[in-house]
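Here is the structure we will look at.
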Amino acid sequence: MTLPIFSASDDPGPSFADLLKRVRPVDALPNGGHDLTIPHGTTVLGVRYADGVVMAGDRRATAGHLIAHKTMQKVFPADRFSGVAIAGSAGPAIEMVKLFQLQLEHYEKVEGAVLSLEGKANQLSAMVRNNLPAAMQGFAVVPLFAGYDLLRETGRLFEYDVTGGRYEEADHVSSGSGSIHAGTVVKLGYKPDLSRDEVIDLVVHALYRAAEEDSATGGPDLVRGIFPIVATITAAGYQPVPDDELRTRVEALVAAGAPA
13 MTLPIFSASD
23 DPGPSFADLL
33 KRVRPVDALP
43 NGGHDLTIPH
53 GTTVLGVRYA
63 DGVVMAGDRR
73 ATAGHLIAHK
83 TMQKVFPADR
93 FSGVAIAGSA
103 GPAIEMVKLF
113 QLQLEHYEKV
123 EGAVLSLEGK
133 ANQLSAMVRN
143 NLPAAMQGFA
153 VVPLFAGYDL
163 LRETGRLFEY
173 DVTGGRYEEA
183 DHVSSGSGSI
193 HAGTVVKLGY
203 KPDLSRDEVI
213 DLVVHALYRA
223 AEEDSATGGP
233 DLVRGIFPIV
243 ATITAAGYQP
253 VPDDELRTRV
263 EALVAAGAPA
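In this note's numbering, the protein residues as written are 13 to 272.
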């Protein structure tokens with residue numbers, strides 16, 4: 013088989029799916045040549061507050077212009093004192109989280125001690141970097157990592173790029189298609205000494221507004237009982253916020269003047 017040769021002006025770029033569609037527009041693709049669309053997670057964010065950090069994410073996953081899942085989980089505990097929020101290709105992202113959880117547990121069992129928060133952030137960075145070949149084919153994973161640093165006795169936030177670059181954020185961070193809208197709401201409402209109730213209200217409001225502007229971000233659904241995934245990480249560990257509490261907060265948000 014002769015490899016295809018492209019001129020500089022006709023280069024198909026890094027997407028393997030685009031290359032297949034150009035070389036073999038029907039036979040090489042599954043389902044008779046349809047796009048290789050896979051579910052993608054959308055908007056997640058993390059915010060520091062007085063007692064630690066809070067992580068939150070909407071529940072919608074999209075595949076192209078379709079809603080693939082209405083109740084996807086995008087925020088996971090990494091271990092007792094840290095969590096991961098995922099954006100990007102859903103399948104590889106969830107697999108990465110499972111492997112990350114396993115590696116942290118394995119380290120603890122072998123060494124008899126918990127890996128430092130800095131070490132956990134570095135480990136996830138290496139995993140994101142190892143996914144770069146898949147990212148170049150369109151299967152990018154861009155997580156957020158947060159946790160309570162037992163040595164510094166404070167919450168810390170980290171974001172990543174597709175090359176594995178790790179960047180610590182001082183106050184708040186967001187990722188995904190609705191991140192610009194959610195991040196703006198958080199930026200306007202943020203104060204360093206926010207209480208637990210205040211910071212949960214802030215992230216719920218941020219995701220609510222992001223859903224108004226970004227079709228890939230799912231807003232809370234009072235009829236179906238679908239609410240964002242929200243979790244706090246403090247000296248007491250990783251603690252999910254129950255749906256009953258989130259329902260009360262969403263109802264208060266709507267009653268305060270937000271459109272239903």
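Each residue gets a CB set at the ideal place from its N, CA and C atoms; glycine is no exception.
For residue j and residue i, believed in contact at Cβ under 8 angstroms, the rounded distance
i, j, result
"Thr54", "Gly188", "5 angstroms"
"Pro155", "Ala105", "7 angstroms"
"Lys86", "Ile245", "Not quite, the Cβ-Cβ distance comes to about 15 angstroms (not below 8 angstroms), so this is no contact."
"Ile50", "Gly103", "6 angstroms"
"Val153", "Met108", "6 angstroms"
"Leu265", "Val185", "With a Cβ gap of about 22 angstroms, Leu265 and Val185 do not count as contacting."
Alpha-carbon spacing of residue i relative to residue j, whole angstroms
i, j, result
"Ala243", "Tyr172", "20 angstroms"
"Gly190", "Ala97", "14 angstroms"
"Val140", "Ala147", "9 angstroms"
"Asp161", "Asp183", "15 angstroms"
"Leu234", "Arg261", "11 angstroms"
"Leu114", "Ala268", "43 angstroms"
"Phe157", "Phe170", "5 angstroms"
Boundaries of the alpha helix (DSSP H) in which residue i is found, first to last residue
i, result
"Val285", "Because the chain in this structure spans residues 13 to 272, residue 285 falls outside the shown range and cannot be described."
"Tyr172", "From DSSP, Tyr172 is part of no alpha helix (DSSP H) but of the beta strand (DSSP E) over Thr166 to Tyr172."
"Gly201", "Ser191 to Gly201"
"Val87", "Here Val87 belongs to no alpha helix (DSSP H); instead the beta strand (DSSP E) covers Val87 to Asp91."
"Val242", "Premise fails: Val242 lies in the beta strand (DSSP E), Ile241 to Thr246, not in any alpha helix (DSSP H)."
Where the beta strand (DSSP E) containing residue i begins and where it ends
i, result
"Gln251", "Gly249 to Pro252"
"His184", "His184 to Ser187"
Residue i, DSSP secondary structure in three states
i, result
"Ser137", "helix"
"His52", "strand"
"Val235", "coil"
"Ala146", "helix"
Original post:
Counting pairs of beta carbons, one from the region 117 to 135 and one from the region 72 to 82, are three or more of them closer than 8 angstroms?
Top reply: no
Original post:
Taking one C-beta from the region 234 to 254 and one from the region 204 to 220 each time, how about it: are there three or more such pairs within less than 8 angstroms?
Top reply: yes
Original post:
When the Cβ atoms of the region 219 to 230 are set against those of the region 190 to 205, are three or more pairs found closer than 8 angstroms?
Top reply: yes
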